[in-house]
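Right, one structure below, let's go through it.
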Amino acid sequence: SLLQLVAFLYLPESPRWLMSKGRRSEALIALSRLRSEPEDAPSVVAEAAALQASADEDARAAQVETRSFGACSNVAFRRAALLGGGLQLLQQLVGINTVMYYSATILQMGGLSSDAGAIWGAALISLTNALGAYLGVRVVESSGRRPLVLTSLAVVVIALLLLALAFAVQSHAGVSPELAGGVTLTALMAYIAGFAPGMGTMPWTINSEIYAQDLRSLGTSISSALNWTGNLVISLTFLSLCEALTKQGAFALYAAIGAVGWLALFLALPETKGRSLEEVVALFEGGSRNPVASRPPCCPGLGRKSEYVEFMRERTSEPPPPRPSHPSGDVEMDRVPHVSEEGPDGRGSLATLDKQHVL
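Residue numbers (the working numbering): 52 to 410.
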């Protein structure tokens, strides 16, 4: 806790928050550091202008309505909350805290007779959890959120089935307690190794990325409440499930929930890696009920020229007139770079675009 407190002293403010408080120069500096590019780089300037436009829009919305009470009428928020809350609930319903809370008990159920062996096995499971979470942090930006979640959940389902199988054959003649205990420990470690990098960390990451700025606190509150509700249900019902369904039946039930959840996420979970907040929100605002099938407009200045050109064509019948660069060389916050369809070299050129055109 003390280490975390000290680390918080060096935690920078986000560019979006700084922009919402009117601290534009600090927001531009923070954005430059975050993107590892100069403050006057076109992509940094474009993103800063988009952040300013978003902050202005949120401020106007806050003046005309109470967003928390009007959120249910917001289609994008309803879809995002359903996905984010379902992801958090699924994290618990595949039995993670059953494994963490009862790991020593499960190992003894599986055949490890000594208390010391069960305790050391539980410590090994906790170590695997820590290493898996670290691995997830290291690979998330290269692999993406969606592949990491789907792969993680698939491994979890397979490990739960292996655990159920270990308990099913435990009572058969010829199966030694040591062998059964070893298979149980292996299945639990495989479960944790699969869970920690994806399902352990990504529900929190994804929930921080899918809500509009003015509804983020409400969305994360709902999803967090569902997470802890699932935690309560799973931790209170595990031993009763073992008595009612047998041990293998309880873990087979968790595996079935995980399999259904995997299919739902395969159909509904979009990739948020490399997208701006506005792009992610646009995924849930699209006409398609499936965010995976939706394609948001490209955020100005962040690449994908052809998509951005098409985005602009939908909003104006004529391209905006080019404007000369500022004589002092300073960057104006109310303009963003615009990629024209063709330039002198035939590859596209940069002009400036008023914020109104972007909106």
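Glycine is no exception: its CB is placed at the ideal position from the N, C-alpha and C atoms.
Three-way DSSP call (helix, strand, coil) for residue 125 in this model: coil
When 207, 326, 328, 213 are compared against residue 308, the one with the closest alpha-carbon: 207
Beta-carbon gap between residue 92 and residue 83 smaller than 9 Å: yes
Assigned exposure category for residue 311 - 16 Cβ within 10 Å defines buried: exposed
Selection from 251, 125, 196 that minimises the alpha carbon distance to residue 319: 196
At least 3 beta-carbon pairs within less than 8 Å: the region 228-247 vs the region 147-154: yes
Length of the line joining the Cα atoms of residue 229 and residue 57: 46 Å
At least three beta-carbon pairs within less than 8 Å, the region 187-205 to the region 320-327: yes
Residue nearest to residue 180 in terms of C-alpha spacing, selected from 88, 279, 242, 141: 242
Minimum C-alpha distance to residue 99 - residue among 69, 151, 110: 69
Alpha-carbon spacing of residue 257 relative to residue 232, whole angstroms: 36 Å
Minimum C-alpha distance to residue 139 - residue among 294, 105, 272: 272
Where the alpha helix (DSSP H) through residue 220 begins and ends: 196-221
6 Å CB neighbourhood of residue 211 in its chain, flanking five on each side removed: 302, 305, 306
Integer Cβ distance of residue 66 from residue 78, believed to fall under 8 Å: 4 Å
Where residue 285 falls, given that 16 or more other Cβ within 10 Å makes a residue buried: buried
Enclosing alpha helix (DSSP H) for residue 298 [first to last residue]: 298-319
Residue 67 (DSSP reduced to helix, strand or coil): helix
Length of the line joining the Cα atoms of residue 235 and residue 130: 39 Å
Counted within 10 angstroms of its Cβ, other Cβ atoms place residue 167 as buried (16 or more) or exposed: exposed
Selected residue, minimal CA-CA separation from residue 22, among 328, 335, 292: Nothing can be reported for residue 22, as the shown portion of the chain is limited to 52 through 410.
Local conformation of residue 252 per DSSP, three classes: coil
Simplified DSSP assignment, three categories, for residue 239: helix
Top-ranked residue by Cα proximity to residue 203, from 142, 64, 281, 175: 142
C-beta atoms of residue 335 and residue 261 nearer than 9 Å: yes
Exposed unless 16 or more other CB atoms sit within 10 angstroms - verdict on residue 252: buried
Residue 263 versus residue 125: straight-line alpha-carbon distance, rounded: 11 Å
Element boundaries [alpha helix (DSSP H), containing residue 145]: Where residue 145 is concerned, there is no enclosing alpha helix (DSSP H), given that its DSSP letter is neither H nor E.
Cβ pair residue 135, residue 270 closer than 9 Å: yes
C-beta atoms of residue 217 and residue 172 nearer than 9 Å: no
Spatially closest choice to residue 108 from 266, 277, 278, by CA coordinates: 266
Given residue 152 as reference, the closest of 174, 55, 137 once Cα atoms are compared: 174
CA-to-CA distance, residue 188 to residue 182, given in whole angstroms: 10 Å
Given residue 209 as reference, the closest of 297, 239, 298 once Cα atoms are compared: 239
Residues near residue 186 by beta carbon distance below 6 Å, same chain, minus five either side: 248
Secondary structure of residue 91, DSSP reduced to three states: coil
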